[in-house]
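Just below is one structure, and these are the notes that go with it.
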Amino acid sequence: MAKRDSFLLRIDPKILAAIRQWSEDEMRSMNGQIEYLLRESLQQAGRLPKNSSDASPEKGD
């Protein structure tokens, strides 16, 4: 498994609640859901490296 960094995230409580519900609906951890959303946004913006081995999101992260 690739090394993972951690950091503090300040977030609006309403956004956090929406992400929490979405992660439960998708059967992912909140961390996994946030990482999935970030990865999808990076990919759509063309900012995710094409050779990234971490490019495929997995449920249950």
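Just so we're aligned, residue 33 is where the sequence shown starts under the working numbering, counting upward by one.
Glycine residues also receive a C-beta, built at the ideal position from the N, C-alpha and C atoms.
- The beta-carbon separation of Gly64 and Ser55, rounded to 7 angstroms, stays under the 8 angstroms limit for a contact.
- By the neighbour-count definition (other C-beta atoms within 10 Å, threshold 16), Arg60 is a buried residue.
- The Cβ atoms of Ile47 and Met62 lie no closer than 8 angstroms to each other.
- Closest option to Ile43, judged by alpha-carbon separation, among Pro81, Ile66, Gln75: Ile66.
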